[in-house]
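A short write-up of the structure that comes next.
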Amino acid sequence: MISLADGGNLVARVRMYRGRIDWLIGVSVALLAGSALVGQQAQFQGSVPTGVASPTPVALTFRDAIGRGLRTNLGVLLSGQASESARGERLRSLSALLPQVTGEVSENVEQIDLKTRGINFHLPGFSTPAIVGPFQYTDARAYASFSVFDYSLRKSYRAAKESERAARLTVKDAHDLVVQSVANAYLLVIAGSSRVQALRAQIETDQAIYDRTGDQKRAGTTAAIDVLRAHVQLEQEQQQLIAQENQVAKDKLALGRVIGLPPGQQFAIADTAPYSSLAAMTPDQALHTAHEQRADFQSAQASVRAAADSVSAARAERYPSLGVAADYGDIGTTLNNSHGTVTFQAFAKVNIFDGGRISGDIIQAGAALKERQDELADLSGQIDYQVRAALLDIQSAAHQVAVARSNLDLANQTLTQAQDRFASGVADTIEVVQAQGSVAVANDNLIAALYSHNLSKVELARALGSTEQQIQKFMEVK
């Protein structure tokens, strides 16, 4: 079995010096699958770095990378804060349905002008004073109010509960997006490192051929053009190796950024991504699983329910509401010289004329409901596309792997024969260089297929939901 680490690399961002159409097609497939997340969810490419960089390189496993990403990725952290905000909104809506109790102790000093209160009597021998006071009193009192029945408030609370549920599911979906982002970045580094190994192996072969042509030229058995041709081939591969090593270093920086490694922390990839076939899965089975497990789909359903409750709450603003209010306390010139007083009030409120405010609320809530319903319908179609596309990509990549392996074996046989013919003096280096090019193309095609197959597994895991568990199953991560 050839793993990505043994076979080479497909790195979408490498500027290949060879203008091979088949290689570029493989890269395009990988880019379309792997870059969609970056374009739509840029926040999941960032993180909050934690810890201090260690001078000793870290051996980073696939599972460790996912764990770090789930703890530090910016997308998860922001989703968590949004969930807390929704929780606060639910508590605020709940408080409107519960009794409100407050207490107050006051020390009062008053002086009253009776004339301003309409008290101004003049009788023979008697008249009311103009000013009363100053006098003082102490009042210690508790106030309570309770909404006995308010259908609008109850529906608003249900809407807030569904919104909080949608926010919690959004956090779960953010976990899936982080796992997908980390997996893509991890596979990219594996692919880049494998490409480096393949180039080094090609350089060793090129060096051997160059040394042999030099010996043969000095012996007078080959032409100088063969030496130059072998030298050019060697330096081309060396140039490609330099560019590829630089790209791997940048890909590792991007992975460290996604999972929140301390700046400057060196690490090595500890896992490979071997090829393993995927158990047969029909589109109907996959879609059923996706609709049951996708957190974003469940969140969209909760948002629709919340919007429907908001419409009901807006309509219920026209309904009468019932409530009670009461207060009890002691009042007197001093606390030792006081007596209790109580007030109780039961009331009913009904809107008679609101100038169109309630109609406006209903229209706005209805528009929001339609928007949530359209988003849910679109997401359902998006899930259908993602599941079917991932299954098609996996099937196609599996066939490409089989063909590429066969082609690589044939190309290696051709190179061996070309080297034997060159060593026997019946062929020049043109045949050897052409055979080396065929091996390089076949190797690139195999790695493109391997990378595309593993990347398609990640896309299918995301499409099905519970991405972390699905990836561990598909990729056979221990």
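Sequential numbering from 271 applies to the sequence shown in my numbering. Built from N, CA and C at the ideal position, the CB exists for glycine as well. Predicted model only: the values in this text are computed from it and were never measured.
Sequence-distant partners of V452 (beyond 5 residues in either direction) whose C-beta falls short of 7 Å from its own C-beta, in its chain, are A335, I336, G339, V528 and I529.
Note that the C-beta distance between T483 and T492 is below 8 Å. By the neighbour-count definition (other C-beta atoms within 10 Å, threshold 16), A538 is an exposed residue.
In terms of CA proximity to P399, I382 leads the group Y407, T408 and I382. A straight line joining the alpha-carbon of K727 with that of A667 spans about 10 Å. Counting every other CB atom within 10 Å of its CB across the protein chains shown gives N713 a total of 16 or more, marking it as buried.
With respect to Q568, L734 sits apart: the two C-beta atoms are not nearer than 8 Å. The DSSP-derived three-state label of Q536 is coil. Per DSSP, the unbroken alpha helix (DSSP H) holding R499 starts and ends at A494 to I529.
When DSSP states are grouped into helix, strand and coil, S324 belongs to the coil group. Uninterrupted beta strand (DSSP E) stretches at least 3 residues long and entirely within the stretch 326-395 occur at 328-330 and 370-383, given in chain order. In this structure, P319 lies away from L525, with their beta-carbon atoms at least 8 Å apart.
Here I741 is buried: its Cβ has 16 or more other Cβ atoms, across all protein chains shown, within 10 Å. Leaving aside the five residues that flank T331 on each side, the residues in its chain whose CB is nearer than 6 Å to its CB run, in chain order, A540 and D541. In the three-state DSSP reduction, T699 falls in the helix class (H, G or I). The C-beta separation of A705 from L685 comes to about 4 Å, placing the pair in contact by the 8 Å criterion. The residue among H392, I401 and V379 with its C-alpha nearest the C-alpha of T386 is I401. Three or more Cβ pairs drawn from the stretch 403-412 and the stretch 598-610 lie within less than 8 Å of each other, which places the two stretches in contact. Rounded to the nearest angstrom, the gap between the Cα atoms of E380 and H609 is 19 Å.
The beta carbon of R564 is closer than 7 Å to those of I653 and G735 in its chain, skipping five residues each way along the sequence. Annotation note: the stretch 574-628 contains the following uninterrupted beta strand (DSSP E) runs of length 3 or greater, listed N- to C-terminal: 591-604 and 607-619.
Burial is judged here by how many other beta carbons sit within 10 angstroms of a residue's own beta carbon; V673 has fewer than 16 and is exposed. With contacts defined as CB atoms closer than 8 Å, G345 and Q313 qualify as a contacting pair.
If you compare the alpha carbons of S417, N390 and V328 with that of Q615, the shortest gap goes to S417.
Taking E562 as the centre and dropping the five residues before and after it, the same chain places the C-beta of G735 closer than 8 Å to its C-beta, in chain order. Taken in chain order, the stretch 403-454 contains no complete beta strand (DSSP E) segment of 3 residues or longer. Straight through space, the alpha carbons of S363 and Y589 are spaced by roughly 18 Å.
The stretch 497-506 and the stretch 426-442 do not touch, with fewer than 3 CB-CB distances between them shorter than 8 Å.
Residue nearest to L523 within the set G593, L458 and R691 is L458 (criterion: CA-CA distance). For T737, the enclosing alpha helix (DSSP H) stretches over residues T737 to F744.
DSSP places T559 inside the alpha helix (DSSP H), whose first and last residues are P553 to Q563. Taking 3 residues as the minimum length, the stretch 647-674 contains no beta strand (DSSP E) run wholly inside it. If you draw a 10 Å sphere on the C-beta of I664, you find 16 or more other C-beta atoms in it, and that means buried.
Note that the C-beta distance between L661 and L730 is below 8 Å. Between the alpha carbons of T326 and Q514 lies a distance of about 24 Å. Taking the Cα positions, S573 is about 26 Å away from R341.
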